[in-house]
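Asker: Below is a structure I'd like to ask you about.
Protein chains: 2
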Amino acid sequence: MEQPVSGNTTGPVERDVGAQRRVVVAIKREIAAGVHAPGSRLPSTRALAAEWGLSRATVTAAFEQLAAEGYLETRAGARARVAAGLAQPKPAPETAPAARPTEISAYGRRLASASPIPWNAQPFALDFRYGELAGGDFPTLAWRRALANAATRRPARLRYGDPRGLPELRAALQGYLWRSRGLHCEADDIVVVNGSQQGLDLCARLLIDPGDRVVIEDPAYHLARQVFLAAGAELAPQLVDRGGMRTNALPPARLAFVTPSHQMPLGSILSATRRQELLAWAARNGAAIIEDDYDAEYRHDVGPVPPLRSLDQAGSVIYLGTVSKTLSPTLRLGYLVLPQGLREVFARAKRVTDRHAPELEQAALTELIANGTYERHVRRVRRRNGERRVALLQALRLHLGERVTISGTDAGLHVLVWINGLPQSREAELTERAAAASLGLYGVSGLYDQPDNRDRRAGLVIGYAALDEAQIIAGVERLDALLRELGA
Amino acid sequence: MEQPVSGNTTGPVERDVGAQRRVVVAIKREIAAGVHAPGSRLPSTRALAAEWGLSRATVTAAFEQLAAEGYLETRAGARARVAAGLAQPKPAPETAPAARPTEISAYGRRLASASPIPWNAQPFALDFRYGELAGGDFPTLAWRRALANAATRRPARLRYGDPRGLPELRAALQGYLWRSRGLHCEADDIVVVNGSQQGLDLCARLLIDPGDRVVIEDPAYHLARQVFLAAGAELAPQLVDRGGMRTNALPPARLAFVTPSHQMPLGSILSATRRQELLAWAARNGAAIIEDDYDAEYRHDVGPVPPLRSLDQAGSVIYLGTVSKTLSPTLRLGYLVLPQGLREVFARAKRVTDRHAPELEQAALTELIANGTYERHVRRVRRRNGERRVALLQALRLHLGERVTISGTDAGLHVLVWINGLPQSREAELTERAAAASLGLYGVSGLYDQPDNRDRRAGLVIGYAALDEAQIIAGVERLDALLRELGA
Chain A
1 MEQPVSGNTT GPVERDVGAQ RRVVVAIKRE IAAGVHAPGS RLPSTRALAA EWGLSRATVT
61 AAFEQLAAEG YLETRAGARA RVAAGLAQPK PAPETAPAAR PTEISAYGRR LASASPIPWN
121 AQPFALDFRY GELAGGDFPT LAWRRALANA ATRRPARLRY GDPRGLPELR AALQGYLWRS
181 RGLHCEADDI VVVNGSQQGL DLCARLLIDP GDRVVIEDPA YHLARQVFLA AGAELAPQLV
241 DRGGMRTNAL PPARLAFVTP SHQMPLGSIL SATRRQELLA WAARNGAAII EDDYDAEYRH
301 DVGPVPPLRS LDQAGSVIYL GTVSKTLSPT LRLGYLVLPQ GLREVFARAK RVTDRHAPEL
361 EQAALTELIA NGTYERHVRR VRRRNGERRV ALLQALRLHL GERVTISGTD AGLHVLVWIN
421 GLPQSREAEL TERAAAASLG LYGVSGLYDQ PDNRDRRAGL VIGYAALDEA QIIAGVERLD
481 ALLRELGA
Chain E
1001 MEQPVSGNTT GPVERDVGAQ RRVVVAIKRE IAAGVHAPGS RLPSTRALAA EWGLSRATVT
1061 AAFEQLAAEG YLETRAGARA RVAAGLAQPK PAPETAPAAR PTEISAYGRR LASASPIPWN
1121 AQPFALDFRY GELAGGDFPT LAWRRALANA ATRRPARLRY GDPRGLPELR AALQGYLWRS
1181 RGLHCEADDI VVVNGSQQGL DLCARLLIDP GDRVVIEDPA YHLARQVFLA AGAELAPQLV
1241 DRGGMRTNAL PPARLAFVTP SHQMPLGSIL SATRRQELLA WAARNGAAII EDDYDAEYRH
1301 DVGPVPPLRS LDQAGSVIYL GTVSKTLSPT LRLGYLVLPQ GLREVFARAK RVTDRHAPEL
1361 EQAALTELIA NGTYERHVRR VRRRNGERRV ALLQALRLHL GERVTISGTD AGLHVLVWIN
1421 GLPQSREAEL TERAAAASLG LYGVSGLYDQ PDNRDRRAGL VIGYAALDEA QIIAGVERLD
1481 ALLRELGA
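Chains A and E, in that order, are what the protein sequence lines are. Under our numbering, the first residue of the first sequence is numbered 1, with each subsequent residue one higher. Under our numbering, the first residue of the second sequence is numbered 1001, with each subsequent residue one higher.
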């Protein structure tokens, strides 16, 4: 391995690389087949070159390569030798004892035992899946320009960045959160993450150990539940009603997960009393609260609800934001706003986990926020989604009327549609029939902790942000027809 | 929360939003200050509007907002009431018992106890830090064009993607690995990750539990060691010599981490005998092997060494690749090539961890690989870095001659420079003096498991890919001067 300082830089480029590689492969094959025993000498490079019709330099280079890989031992002036001891430890594949399968960790086993979710399912012709956006709403030109600017401004030296994200993006987000959410924080409270899913995962890793209790809404966002279950948490689900998650019987826990501005999926706002109760509980228990503000930008009939973090005196609340609902879920950009006491350990975890979020995308988002494009875009998509919402509510009223009850319409990009005449037990029948007709419908019952959703009616989480008005109306008409088939 | 289907979409935009927000804030403040007791009635909206000089609609909208947030209870025809029970659970900040600090997990505590690494250090005027690239080597135009094409081809529907990465990128990588590394795999063996760091982290999470043993090279890549220590592993370091990591005394373990093509940092190639021993050990123990092929593209005096994975019969080897050394470390793009038995659990973990890698960057890389630009670029930067390497080796010979011994020059983007006349105990003195002179030098001793590096000499890991020839020569001259000051 050690070698004298040398200016020799003749690379393989200047030799017949293809022939050299074939020689290397051929000799390895011969060694493996036992043609050349360990310790035995190979023919001279001259003899092999003649035999194979190659230049001696090519064969010599192949031998050097084989020596570098440890197959041969070479010495100037002597014929190369097959490395002693090479073949002994090699298990012949036919007779070797069966290899033990690779064991996976407890974390991996918990993941493996979760119900599989088809991630590459094709979208239906009409698909009310929540969390998807219309491609036409994406600000393609502005994003392309911002990315091009970021790529052009590349620095003289490409180096790993700050694990918390670009300082200029964190400053831009600080201003944005203050303007849009009335949230005061320092830029150094912010860690840019690869979408809010990574934010949840970092919280789970850093705040709970296997067996710890986590308070979670019931029903809840399914990938939040999966993160905590994979981390080995014992879930303590708390029912959600019109005032958000009930807080009157919170057990001691390490962590609580809530969506206070617009409960996912039911749509209620966490009441002021419950906010106080939750914060007091966290302070008493040394628990952290994840405030997932996943669709903060979409308010329809009410003004923005101030974030829970604004009320937090004890430093319990971790605020989680994302651009997945305003720009695109495929960008994978989100951010945590941390209490001061957690800043350092989250930065360390982000670094060891994946160094930092990709920088070009961070720079592009910085530019859009800094020059006002992002907030103009948010206003535009808020208006656009308001139009879709009107179309959905009107179509539901026109076609389904009193047969359904709608909730969660104040905010966000989805509503909850309870089917008054269809028992919960028939929800799967409805969504399966819909799928067969290429209509994507998603039942609410799977988001509850227990199969019994406590509402006794079938319920649907209807996301509308990826559809245009005509598709929304056509989808509701199909839903109407399906419900008539089911007698509901 | 439930409300009749309604077409009412009058948003806050059409009211005096600023005034409304001020009313909301004022009333909350009054409630918090005890001006309005829980359950008590507020003045009528008419009276407040008159008092504050606002339209009644604005005050009514503010009340609706306060009701939605749970501060007020409103009923048509009656004056609004402060929510009953609102103030009771609120701890007065002055008298409340001190909040318990948020507890962090065992994982977080292990991270917190690791030595801090300054991630936002400014680069030195001349910096030999390994892992950084020259900005001028980045294919700005090609990357910008590929990104623009990807942004323009945005689909009709923006949806979460396959957690394993874009199918077209995985197909392109499959072909690239075959052409460049002679590595056969299926596209479905590949999971695209956010840089090789995330690949390591996923392996640690899925393959080891706290207390499990991990075989690791000694010395080793420091962020690999940190990942395993954070996961709670007990490290079993194995000394590295000219034949790579020694494999004659491997203890039972769940995982081994190796850099067989170019040991990081010493530069040796894992010998054929040791490859066989390592694979046999893994099969016997049900252990997995991470093959970190971090600088596979850079071979100078030898041809490419086939990956360990090519010899793997038992499905033990996880191959880890990256574009951090060919394009940029700031892109955060890498990939795992998994044994079949681990594909499913890694895909699940990637999904729960952060859904998937950002798609625009994946699409851009796909285009560059598919149209040949990537491989042309790799040849160009390989040549360019070969030139830098010649400059470095010549400068070292010219200025330092026999005072140093160089190893690891066959491959990669760094060499190891042993200072023959300087004991290991003075390595830190050298790097600190260099830092004071704005010369970035990095000692090898910190990469060993034990403070004693077993070579007794000071050693430097010299990365050269971010510097031009003049800088390299100037840096070596400064090193020469520093060594003379130290009497070495």
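The beta-carbon is built from N, C-alpha and C at its ideal position, and this holds for glycine as well.
Which value, in whole angstroms, describes the spacing of the CA atoms of residue 188/A and residue 179/A?
Answerer: Near 18 Å, if we compare the C-alpha coordinates of residue 179/A and residue 188/A.
Asker: Evaluate residue 191/A with the Cβ neighbour count: other Cβ atoms within 10 Å of its Cβ, from every protein chain shown; 16 or more gives buried, anything less gives exposed.
Answerer: The residue is buried, with at least 16 neighbouring Cβ atoms inside 10 Å.
Asker: What is the DSSP secondary structure of residue 1385/E, counted as helix, strand or coil?
Answerer: Reduced to three states, the DSSP call for residue 1385/E is helix.
Asker: Pick helix, strand or coil for residue 63/A, following the three-state DSSP scheme.
Answerer: DSSP places residue 63/A in helix when its eight states are reduced to three.
Asker: Taking the DSSP output, what are the residues bridged to residue 435/A?
Answerer: Partner(s): none; residue 435/A has no beta bridge.
Asker: Counting only beta-carbon separations shorter than 9 Å, does residue 476/A have a partner in chain E?
Answerer: Not closer than 9 Å to any Cβ of chain E, the Cβ of residue 476/A fails to qualify, so no.
Asker: In three-state DSSP terms, what is residue 208/A?
Answerer: Reduced to three states, the DSSP call for residue 208/A is coil.
Asker: Mind pulling the alpha helix (DSSP H) runs of 4 or more residues that sit fully within the segment 1277 to 1363 of chain E?
Answerer: List check, alpha helix (DSSP H) in window: 1343 to 1354.
Asker: Check the DSSP bridge columns for residue 1143/E and list the partner residues they point to.
Answerer: Residue 1143/E is not bridged to any residue.
Asker: Evaluate residue 1385/E with the Cβ neighbour count: other Cβ atoms within 10 Å of its Cβ, from every protein chain shown; 16 or more gives buried, anything less gives exposed.
Answerer: Residue 1385/E comes out buried.
Asker: Quick one: grab the DSSP three-state call for residue 486/A.
Answerer: In this structure, residue 486/A counts as coil in the three-state DSSP scheme.
Asker: Taking beta-carbon pairs under 8 Å, can you tell me which members of the segment 1139 to 1164 of chain E lie near chain A?
Answerer: If the cut-off is 8 Å between Cβ atoms, the segment 1139 to 1164 of chain E has 1140, 1143, 1144, 1147, 1148, 1151, 1152, 1154, 1155, 1156, 1157, 1158, 1159, 1160, 1161, 1162, 1163 near chain A.
Asker: Return the residue from the list 1123/E, 1233/E, 1220/E that minimises the CA-CA distance to residue 1258/E.
Answerer: Comparing Cα positions, the closest option is 1220/E.
Asker: Residue 1027/E lies in the alpha helix (DSSP H); which residues open and close that run?
Answerer: It spans 1017 to 1032 - the alpha helix (DSSP H) in which residue 1027/E sits, taken as one unbroken run.
Asker: Please compile the residues from chain A whose C-beta is within a distance smaller than 9 Å of the C-beta of residue 1201/E.
Answerer: What residue 1201/E touches in chain A: 352, 353, 354.
Asker: Roughly how many whole angstroms lie between the Cα atoms of residue 1055/E and residue 397/A?
Answerer: Cα to Cα, residue 1055/E sits roughly 32 Å from residue 397/A.
Asker: How about residue 418/A and residue 391/A: are their beta carbons less than 9 Å apart?
Answerer: No, these two residues do not count as a Cβ contact at 9 Å.
Asker: Please tell me whether residue 1194/E and residue 357/A are closer than 9 Å, where the distance is taken between their beta carbons.
Answerer: Their beta carbons are under 9 Å apart, which means residue 1194/E touches residue 357/A by this criterion.
Asker: Measuring only the C-alpha atoms, how far is residue 414/A from residue 1411/E?
Answerer: Roughly 55 Å between the two C-alpha positions.
Asker: Hey, out of 1314/E, 1308/E, 1400/E, whose CA is closest to residue 1342/E's CA?
Answerer: Checking every option, the nearest Cα to that of residue 1342/E belongs to 1314/E.
Asker: Going by the beta-carbon positions, is the gap between residue 1070/E and residue 273/A smaller than 9 Å?
Answerer: Against a cut-off of 9 Å, the Cβ pair of residue 273/A and residue 1070/E comes out as a contact.
Asker: Within its chain, find whatever has a CB closer than 8 Å to the CB of residue 1030/E; leave out the 5 residues flanking it on each side and keep chain order.
Answerer: These residues qualify, in order along the chain: 1036.
Asker: What would DSSP say about residue 196/A, mapped onto helix, strand or coil?
Answerer: Of the three classes helix, strand and coil, the one that applies to residue 196/A here is helix, per DSSP.
Asker: Between residue 405/A and the rest of its own chain, which residues show a CB-CB distance below 7 Å, the 5 nearest in sequence each way excluded?
Answerer: Contacts found: 418, 420.
Asker: Thinking C-beta only, is residue 335/A closer than 9 Å to residue 159/A?
Answerer: No, Cβ-Cβ distance for residue 159/A and residue 335/A is not below 9 Å.
Asker: Considering just the uninterrupted stretch of the alpha helix (DSSP H) at residue 1222/E, what are its terminal residues?
Answerer: That run of the alpha helix (DSSP H) goes 1222 to 1230.
Asker: Below 8 Å on the Cβ atoms is my guess for residue 1288/E versus residue 1318/E; work out the distance and round it to an integer in Å.
Answerer: Contact holds; Cβ gap of about 6 Å.
Asker: List the residues of chain A whose Cβ lies closer than 8 Å to the Cβ of residue 1461/E, in chain order.
Answerer: Under the 8 Å cutoff, chain A gives no residues; its nearest Cβ is about 14 Å from residue 1461/E.
Asker: What is the DSSP secondary structure of residue 167/A, counted as helix, strand or coil?
Answerer: Three-state result, residue 167/A: helix.
Asker: Tell whether a beta-carbon distance below 9 Å holds between residue 167/A and residue 347/A.
Answerer: Going by C-beta atoms, residue 167/A is not nearer than 9 Å to residue 347/A.
Asker: Under 9 Å Cβ-Cβ, which residues of chain A neighbour residue 1259/E?
Answerer: Those within 9 Å of residue 1259/E in chain A number zero; the least Cβ separation is about 13 Å.
Asker: Taking the CB atoms as reference points, tell me whether residue 233/A and residue 285/A lie closer together than 9 Å.
Answerer: In this structure, residue 285/A does not lie closer than 9 Å to residue 233/A by Cβ.
Asker: Does the beta-carbon of residue 401/A have 16 or more other beta-carbons within 10 angstroms, so that it is buried, or is it exposed?
Answerer: Burial call: exposed.
Asker: Evaluate residue 141/A with the Cβ neighbour count: other Cβ atoms within 10 Å of its Cβ, from every protein chain shown; 16 or more gives buried, anything less gives exposed.
Answerer: Label assigned to residue 141/A: exposed.
Asker: Any beta-carbon of chain E closer than 9 Å to the one on residue 127/A?
Answerer: Taking Cβ atoms only, chain E reaches closer than 9 Å to residue 127/A, which makes this a yes.
Asker: Going by DSSP in three states, residue 1037/E sits in which element: helix, strand or coil?
Answerer: The answer is coil: DSSP assigns residue 1037/E none of H, G, I, E or B.
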